[in-house]
Amino acid sequence: MADEVYDGAIGIDLGTTYSCVATYEGTNVEIIANEQGSFTTPSFVSFTEKERLIGEAAKNNAAMNPRNTVFDAKRLIGRRFDDPTVKKDIESWPFKIVDDNGSPKIEVEYLGENKQFSAQEISSMVLTKMKEIAETKLGKKVEKAVITVPAYFNDNQRQATKDAGSIAGLNVLRIINEPTAAAIAYGLGAGKSEKERNVLIYDLGGGTFDVSLLNIQGGVFTVKATAG
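Numbering (numbering that gives the first Met the number 0), first residue to last: 0 to 227.
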């Protein structure tokens, strides 16, 4: 890959079960396919005695190596170990979660040793994969990104997602609410009309299903309510 740096920012949908990456050129958005030709990449990281797998390869390894294949990091990011949601999720995950001074850490066996990773670190590995997919397509280094998060994410979860981007070597220009990104993609709010609109957006994802009520006026998007 050339040392030339891509001027723009890539957009990354960091999903609970799948992630995707896109570029925005002029007025066109192009979703970039991974090496398998798929426009979505599993948000899975698998650790073995010899290597670390990310994406399709990691998901394919989950059945053989469930104890060391991590997914759903988005459900952990920015949360405390004693969070009721975390406690409930731990019961269904095949990988081990340990309490590190109140923060949940994922414990795996990697290269013959026990290792602990935060949700930010696992998410950064997925983000690195998405960055590499974009760089392969563009033939340039990518340094800037915009990442989407659920509208209900609190400040801790948003900052933790931004931290994951930094670990992946990305300057995260903006964290955008997923329903806002969907509204923009469908041209809602284009033209900055002063006419007020209320839009209900459903987000049926692989790990969550939520709904958001957006108020759009003058090109400004305001999340009025979320549930899910």
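Note that CB positions come from ideal geometry on N, CA and C, so glycine has one too.
Note that the coordinates shown come from a computational prediction; the quantities given were computed from them, not determined experimentally.
Residue environment: Ile200 is assigned as buried (16 or more neighbouring CB atoms within 10 Å of its CB, all protein chains considered).
Under the DSSP assignment, Arg157 falls in the alpha helix (DSSP H) whose first and last residues are 154-166.
The Cβ-Cβ distance between Val20 and Ala133 falls below 8 angstroms.
Here Val141 carries a coil assignment [DSSP, helix/strand/coil]. Counting along the chain, no beta strand (DSSP E) covers Glu50, and no H or E run does either. For Glu24, the uninterrupted beta strand (DSSP E) segment begins and ends at 17-24.
Runs of the beta strand (DSSP E) lying entirely within the stretch 57-124, each at least 3 residues long, are 95-99, 102-109, 112-116 in chain order. In this structure, the beta-carbon distance from Ile121 to Val171 does not fall below 8 angstroms. A residue is called buried when at least 16 other Cβ atoms come within 10 angstroms of its Cβ; Val97 does not meet this threshold and is exposed. Counting of Cβ neighbours within 10 angstroms places Asp154 among the exposed residues, the total staying below 16.
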